[in-house]
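Chains as they are written, first to last, in the numbering used here: chain A, 72 to 290; chain B, 51 to 269. Ideal Cβ positions, reconstructed from N, Cα and C, are used throughout, including at glycine. Below is one structure; the comments refer to it alone.
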């Protein structure tokens, strides 16, 4: 069965990173295409007409959109190795709940920690750290959120790790100081090849954020 | 296998209705508990400490939160009858995508239609109808979003039908005039016992929103 897998992506996107990790965990060969988000390709607009966003996973010419939906799809199609979601329905519901929490809290609130200043930034930082602490609680003493192996929730969250550095530098706070267990978990994930080769260099992400602030006119 | 099933809910909530429909489709006996959202029960706060929201599904003492996660959980546990998600991974990804689209768009836009006035309301109405038309396009000539059978996207969207009357009255527009196929689909769903007994009465919703607007000080 010849599988053609293409990923329309943007190098710094945490959502794209999730899909890269899932594909790497399953050992799937694919073509990654970098999109210029200020000049989206005809293919992107055709494959994701509703949201016009990356990542878009194209499998045998059919598009799948939204990163967590893509990760579940990859897990279901290539189900013979490296399972990402647990088998038990209650554990699956729990993993989905926390991945949804990451989507609801980390992206937007994390973004506010570097895009705003003063009171708004302070509030965002507080809420951001509270959210990370809740996740740390969910991790408990496990090596990964998935238990002994990297799973769905690990992938959903570790995709932001390269942006933590950005939040810390702009916000003047230390995530490791407040959430040492979570930081240890992130470093443990980074030792896995599937993660290490999927995440961009955090310094490059920081420079990108600096550049973005200038363009967006945020001082 | 059934065990003890409790649903913490609030009668006008579209999200609670989704879970009610799924439980009814699977013919699961459960205890319905109405929450006063201005005075949340200790059980609710204990079972959903993260978001403190309804609906909360409690199965054998263990909570599952977030309506679409609950519907998938119900589908996976009671997998011997009335399947809600299709077996094919690509069709599942498509169903999840459109249910996610409903979550991202319909609730907030609908709320803007009844909460705002003037230009803001007009913009919300326009976008709301555009989103319903996209959904209508996805339905095509099928009786349900699930194809021949009622499924996940149908469950995700049909609860909003009892809110359409409220949106129309406050927004002074007719959804049926713009999206006749979607209304025909909704009426088709209402012929199913699981839907008819799960949705609230549209006039009661309107009265509830009238009261809410007064309480919120929105004219």
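Mapping DSSP to helix, strand and coil, what is residue i?
| i | result |
| --- | --- |
| residue 131 of chain B | coil |
| residue 112 of chain B | strand |
| residue 72 of chain A | A caution first: residue 72 of chain A carries a pLDDT of 46, below 50, which makes its placement in the model too unreliable to give a value. |
| residue 300 of chain A | Nothing can be reported for residue 300 of chain A, as the shown portion of chain A is limited to 72 through 290. |
| residue 130 of chain A | strand |
| residue 66 of chain B | helix |
| residue 270 of chain A | coil |
| residue 59 of chain B | strand |
| residue 260 of chain A | helix |
| residue 81 of chain B | strand |
| residue 217 of chain B | helix |
| residue 242 of chain A | helix |
| residue 91 of chain A | helix |
| residue 83 of chain A | coil |
| residue 102 of chain A | strand |
| residue 181 of chain A | helix |
| residue 215 of chain A | strand |
| residue 275 of chain A | helix |
| residue 197 of chain B | strand |
| residue 119 of chain B | helix |
Determine, using beta carbons only, whether residue i and residue j come nearer to each other than 8 Å.
| i | j | result |
| --- | --- | --- |
| residue 116 of chain A | residue 90 of chain A | no |
| residue 218 of chain A | residue 224 of chain A | no |
| residue 274 of chain A | residue 242 of chain A | no |
| residue 227 of chain A | residue 270 of chain A | no |
| residue 193 of chain A | residue 145 of chain A | no |
| residue 229 of chain A | residue 185 of chain A | no |
| residue 94 of chain B | residue 85 of chain B | yes |
| residue 68 of chain B | residue 259 of chain B | no |
| residue 148 of chain B | residue 200 of chain B | no |
| residue 113 of chain B | residue 98 of chain B | yes |
| residue 126 of chain A | residue 155 of chain A | no |
| residue 232 of chain B | residue 186 of chain B | yes |
Could you list which residues in chain A have their beta carbon closer than 8 Å to that of residue i, in chain order?
| i | result |
| --- | --- |
| residue 150 of chain B | 137, 140 |
Which residue wins for smallest C-alpha separation from residue i, given the options the options?
| i | options | result |
| --- | --- | --- |
| residue 208 of chain B | B/244, B/59, B/99, B/162 | B/244 |
| residue 269 of chain B | B/140, B/247, B/147, B/164 | B/164 |
| residue 140 of chain A | B/145, B/132, B/106, B/123 | B/145 |
| residue 78 of chain B | B/172, B/92, B/56 | B/56 |
| residue 106 of chain A | A/120, A/83, A/236 | A/83 |
| residue 267 of chain B | B/166, B/179, B/189 | B/166 |
| residue 110 of chain B | A/266, A/161, A/167, A/199 | A/161 |
| residue 157 of chain B | B/213, B/130, B/261, B/141 | B/213 |
| residue 174 of chain B | B/121, B/185, B/247, B/222 | B/222 |
What residues from chain A crowd round residue i, counting only those whose CB sits closer than 7 Å?
| i | result |
| --- | --- |
| residue 115 of chain B | 168 |
| residue 123 of chain B | 160, 164 |
Going along chain A in order, which residues have a C-beta closer than 9 Å to the C-beta of residue i?
| i | result |
| --- | --- |
| residue 126 of chain B | 160, 163, 164 |
For residue i, go through chain B and note every residue whose CB falls closer than 9 Å to its CB, in chain order.
| i | result |
| --- | --- |
| residue 183 of chain A | Simply none; closest approach about 19 Å. |
| residue 144 of chain A | 139, 140, 142, 143, 146 |
For a contact meaning CB atoms closer than 7 Å, what does residue i contact in chain B?
| i | result |
| --- | --- |
| residue 133 of chain A | 140 |
List, in chain order, every chain B residue whose beta-carbon is nearer than 8 Å to that of residue i.
| i | result |
| --- | --- |
| residue 171 of chain A | 116, 119 |
Between the stretch 191-219 of chain B and chain A, which residues of the former have a C-beta closer than 7 Å to a C-beta of the latter? Against chain A - using a Cβ distance shorter than 7 Å - the stretch 191-219 of chain B contributes no residues.
Of all the residues that make up the stretch 94-121 of chain B, which are near chain A by a beta-carbon distance shorter than 7 Å? Only those residues of the stretch 94-121 of chain B whose C-beta falls short of 7 Å from the nearest C-beta of chain A are listed: 100, 112, 114, 115, 116, 119.
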